[in-house]
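Asker:
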Amino acid sequence: MNLYRIQAVISKEWREIVRDRLFLTLAFVVPAMLMLLFGYGLSLDVEDIPFAIVDHDNTQLSRDYASRYTSSRYFDFKGYSQDESLLSKKLSTNELRAYIVIPENFEKNLMAGKPAAVQSILDGTFPARAATSKGYITAINTAYSSELLASYLSKAKGVSAEIAAEALAPVSVSVRYLYNQSLLSTWSIAPKLIMVILMVSPPFLTALGVVREKERGSIYNIYASTVSRAEFLIGKITPYVLMSVVNAIILWVLATFLFGAPFKGDFLFFLLATCIYVMCTTGIGLVISVLVETQVAAMVVTAIATVVPAALYSGVLVPIPSLSGQAQIIAHALPAMYYTNILTGTFLKGTGMADLWQDVLILTLYAAGLFLVGYSLFSKRPRS
Amino acid sequence: MTTLRIGMTRMRVMTSKELMQLLRDTVLIIFTIYAFTFDIYWAGSGVSLSLNNAALMVFDGDSSYASRELTSRFREPYFRHVGSLSHSRDTNDVLDKGEAMVTLDIPEGFEQSLLRGEQSTVQMQVDSTNTVLGLLASSYGQQIVGRYGLEVAMKQQGLSADGGISGPILDDRHRVWFNPNQEDSWFMSIAELLTIITVFSMMLPAAAMVREKERGTIEQLLVSPLSAFQVMFSKVLAMTLVIVLLTSISLFLVIGGLFGVPFKGSPWLFLGLSTLYVFTTSGLGLVIATFSRNMAQAGMLIILLIAPMIFLSGAWTPPEAMPTVMRWLMMVSPLHYFIDAGYGVLLKGATFTTLAPQISGMCVLGGLNFALGLWRFRRQFA
Chain E
1 MNLYRIQAVI
11 SKEWREIVRD
21 RLFLTLAFVV
31 PAMLMLLFGY
41 GLSLDVEDIP
51 FAIVDHDNTQ
61 LSRDYASRYT
71 SSRYFDFKGY
81 SQDESLLSKK
91 LSTNELRAYI
101 VIPENFEKNL
111 MAGKPAAVQS
121 ILDGTFPARA
131 ATSKGYITAI
141 NTAYSSELLA
151 SYLSKAKGVS
161 AEIAAEALAP
171 VSVSVRYLYN
181 QSLLSTWSIA
191 PKLIMVILMV
201 SPPFLTALGV
211 VREKERGSIY
221 NIYASTVSRA
231 EFLIGKITPY
241 VLMSVVNAII
251 LWVLATFLFG
261 APFKGDFLFF
271 LLATCIYVMC
281 TTGIGLVISV
291 LVETQVAAMV
301 VTAIATVVPA
311 ALYSGVLVPI
321 PSLSGQAQII
331 AHALPAMYYT
341 NILTGTFLKG
351 TGMADLWQDV
361 LILTLYAAGL
371 FLVGYSLFSK
381 RPRS
Chain R
1 MTTLRIGMTR
11 MRVMTSKELM
21 QLLRDTVLII
31 FTIYAFTFDI
41 YWAGSGVSLS
51 LNNAALMVFD
61 GDSSYASREL
71 TSRFREPYFR
81 HVGSLSHSRD
91 TNDVLDKGEA
101 MVTLDIPEGF
111 EQSLLRGEQS
121 TVQMQVDSTN
131 TVLGLLASSY
141 GQQIVGRYGL
151 EVAMKQQGLS
161 ADGGISGPIL
171 DDRHRVWFNP
181 NQEDSWFMSI
191 AELLTIITVF
201 SMMLPAAAMV
211 REKERGTIEQ
221 LLVSPLSAFQ
231 VMFSKVLAMT
241 LVIVLLTSIS
251 LFLVIGGLFG
261 VPFKGSPWLF
271 LGLSTLYVFT
281 TSGLGLVIAT
291 FSRNMAQAGM
301 LIILLIAPMI
311 FLSGAWTPPE
321 AMPTVMRWLM
331 MVSPLHYFID
341 AGYGVLLKGA
351 TFTTLAPQIS
361 GMCVLGGLNF
371 ALGLWRFRRQ
381 FA
């Protein structure tokens, strides 16, 4: 290992990057742009669900019940209708996501102390959204039911409505939300975006950088030179790691200052963990670049190996405990999940090395492993 | 007539050249097949967006019949007991470490106060680093506790003998259409297929174009008798053939075969829409190709477009919850139309006529992309 030769490879690579103005600009602009687009656009909150009401009863009570939905911020009321077949058509053209049917004799049954059935019809195309909407509807119905019961009880027993309501809810729950008390969606999304973006952009930079030499043939200069395999690979990826670390800091600034995510942990620890994570994702690019021969393949393989897992198996969109079977295995086999733990830890929980050392250790081993694989697969004596 | 035939022959030659070049890249072909089969299968079989198995730890300070009854109601699929706590002060610790997502704290004397008819409070602490899940976990928890309390009260107030709930209440009936059992695999496998189609139809044509520029072989194409349009169109045609072929394999074998998604509409219409979508997106790839001189530039530009397209077009983020500006921005994403159309055909039984807005949206975008790409290409080389 000769430091001078590594430095030579680094400066050659760096010069090549700097002279490609568009590429240099894109390397810094793309991560920041993605942060902005996702930070403003990516939200998993289910709100403003477009919905309609079919009121077959049309009494004071049924309108009172309907007002629970029309005044809710989770629902976007699109109007009353009597025509269920029209509504079901609107459900299939995405104009509505749900509608609620209040049956005839709604008021009569409830006043007589009997249950009344209300039906909600939901669009199940996106199951998670349907489940959340169902949760909202159930919550509204439960609240309304207990009010009805309380007034029924107070009439039957001749006690005041408050006492009746208290008697019907002998157990109350006090919920405390930790780490994100006001449940701000950007607080939970912004830190994880750093993970997603750093999962996607460094491998692209690296994979294309190395394969470019292969495809153009300039790699033969390296094959014929005194630069050793390790020296070449270290020199080749160092500029990309450094650029990605700079990007990580820019992303951190955007997450904390623009999107207002709280950073409670230790910045130095965050920086250390981020450097290791960037080495992991750069390492993925390195391994891919050693395996493939053309830049097309490099690009496609990198996209499949990074964009898809970053979305599905990292914990940003899909919670890790909800994964099953092979998906759990894939999630544990990729670095993204561990870095997500570090990000939520350092940003929202304020934990540090003491709680997160396992994740850091795994990432370190991962980076070392990737580099070893890349090193052993790379050969200065190509077979073909 | 003969000019047309000659034109067709030229394009056929060009297309088969592109196909040959693609098929000779073994690693690429292996990965392409993997992406359209295994990748979709794994995403569909293992990934669920709903709250499942939220790790729950309980501190039971009462250890009574009532407290055990209440804790036993926190069960799968929403909650999963991962252990008990011996001190209530440990709760913050296990949440910090991420060992639990929810802790439930039942105070001493819980059963006693229930029997005396007094109100008692149980504590729930929820890790809300993921706000959606935090909110869901607390609402499920509140429902469970509320229901339990109501059953106890029903007995105490003599409204019902067996703890069943009766009286003037709402009988909550849900019907979920298009996916009655809310199978995540239906949603996920289609979403993943759309993602994969997007990745390939953007990258393959763009790469095929940039490669010629980078190697200089574009000069050979320019002196050939093919027109600029024929060059571009043949490239797109070759990639479209491959992508649509693989899409149909994935559609019939994985999505229909393994996951049993009922094709409410015609799968052939879906393939037709896919072809249109691949064309539209390829046009976008070609535009990128005219802006970049080498593959590294093209790669970064593609990421810049493809990542927001995949995440923000509507499969992951509900469009109604997005800010208005972003919603407008997504109108230019062809995937936005393809998501509506694709799910519409496969799950909702949409037909060609009901999808007219989506189809025309894709046509317009595709036409614009091709026109822009062609114009830039001619200006650069002709």
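For the record, the sequence lines run as chains E and R.
Per my numbering, the first sequence starts with residue 1, numbered consecutively.
Per my numbering, the second sequence starts with residue 1, numbered consecutively.
Even glycine gets a Cβ: it sits at the ideal position worked out from N, Cα and C.
(1) Based on the DSSP output, what are the partners of E:Ile102 in its beta bridges?
(2) Taking the CB atoms as reference points, tell me whether R:Val47 and E:Leu312 lie closer together than 8 Å.
(3) Name the one or two DSSP bridge partners that R:Met14 has.
(4) May I ask you to verify whether the segment 64-75 of chain R touches the segment 133-150 of chain R, counting CB pairs closer than 8 Å and requiring at least 3?
(5) Quick one: which chain E residues come within Cβ less than 8 Å of R:Met124?
(6) Whole angstroms are fine: how far does the CA of E:Ile121 sit from the CA of E:Ser85?
(7) Can you tell me the Cα-Cα spacing of R:Gly265 and R:Leu346, whole angstroms?
(8) What first and last residue would you give for the alpha helix (DSSP H) that runs through E:Leu205?
(9) Could you confirm whether any beta carbon from chain E is found closer than 8 Å to the beta carbon of R:Gly216?
(10) What residues from chain R crowd round E:Phe23, counting only those whose CB sits closer than 8 Å?
(11) Run down chain E in chain order and give the residues with a C-beta less than 9 Å from the C-beta of R:Arg211.
(12) Does E:Asp64 come within less than 8 Å of chain R when only Cβ atoms are used?
(13) I'd like to check one pair, E:Val278 with E:Ala248: are the Cβ atoms closer than 8 Å?
(14) Using a Cβ-Cβ cut-off of 6 Å (strictly less than) and excluding sequence neighbours within five positions of R:Ala341, which residues of its own chain qualify?
(15) Check this for me: beta carbons of E:Leu251 and E:Ile330, under 8 Å apart or not?
(16) Going by other Cβ atoms of all chains shown within 10 Å of its Cβ, with 16 needed for buried, is E:Leu363 buried or exposed?
(17) Could you work out which residues of chain R lie near E:Leu153, taking near to mean beta carbons separated by less than 7 Å?
(18) DSSP three-state label for E:Asp391, please.
(19) Using 10 angstroms around the beta-carbon of R:Val126, count the other beta-carbons present and answer buried if the total reaches 16, otherwise exposed.
(20) Among the candidates E:Phe106, E:Val29, E:Thr70, whose CA atom is the shortest distance from the CA of E:Gln60?
(21) Taking only beta-carbon positions, decide if R:Gly257 is within less than 8 Å of chain E.
(22) Throw me the rounded Cβ distance for the E:Leu87 and E:Ala112 pair, which I believe falls under 8 Å.
(23) Cα separation between R:Trp328 and R:Pro334?
(24) Going along chain R, which residues have a C-beta under 9 Å from E:Glu47?
(25) Among the residues of its own chain, which have a CB less than 8 Å from the CB of R:Ile249, if the five just before and after it don't count?
(26) Closest to E:Leu377 by CA distance: which of E:Ala190, E:Ser154, E:Leu286, E:Lys78 is it?
(27) Are the segment 60-69 of chain E and the segment 40-48 of chain E touching by the rule of at least three beta carbon pairs closer than 8 Å?
(28) If we require 4 or more residues per run, which alpha helix (DSSP H) segments fall completely within the segment 84-123 of chain R?
(29) Measure the C-alpha to C-alpha separation of R:Ser185 and R:Leu115 and round it to an integer number of angstroms.
(30) By alpha-carbon positions, which one of E:Val173, E:Val175, E:Tyr152, E:Lys90 ends up nearest to E:Ala165?
(31) Quick one: give me the first and last residue of the beta strand (DSSP E) that R:Met239 is part of.
(32) Here's the rule I'm using: 16 or more other beta-carbon atoms within 10 Å means buried, otherwise exposed. How should R:Thr182 be labelled?
(33) To which residues does DSSP link E:Val173 through a beta bridge?
(34) Since I believe R:Ile106 is in contact with R:Gly61 (beta carbons under 8 Å), could you give me their beta-carbon distance rounded to a whole number of angstroms?
(35) By how many angstroms is the C-alpha of E:Tyr338 removed from the C-alpha of E:Tyr240?
(36) For a cutoff of 8 Å on Cβ pairs, would you count R:Thr195 as touching chain E?
Answerer: On the basis of the data shown:
(1) E:Asp55
(2) yes
(3) Note: R:Met14 sits in no beta bridge, so no partner.
(4) yes
(5) Val173, Ser174, Val175, Arg176
(6) 12 Å
(7) 5 Å
(8) 185-216
(9) no
(10) Asn294, Ala296, Gln297, Met300
(11) Glu215, Thr294, Gln295, Val296
(12) no
(13) yes
(14) Leu273, Leu355, Gln358
(15) no
(16) buried
(17) Gln157
(18) Residue numbering for chain E in the displayed model covers 1 to 384; residue 391 of chain E lies beyond these limits and cannot be assessed.
(19) buried
(20) E:Phe106
(21) no
(22) No, E:Leu87 and E:Ala112 are not in contact; Cβ-Cβ is about 29 Å, not under 8 Å.
(23) 13 Å
(24) Pro318, Glu320, Ala321
(25) Phe36, Thr37
(26) E:Leu286
(27) no
(28) 91-97, 110-116
(29) 46 Å
(30) E:Tyr152
(31) That residue, R:Met239, is in no beta strand (DSSP E); its alpha helix (DSSP H) goes 228-249.
(32) The question names Thr, yet the displayed sequence has Gln at residue 182 of chain R. It counts as buried.
(33) R:Val122
(34) 6 Å
(35) 22 Å
(36) yes
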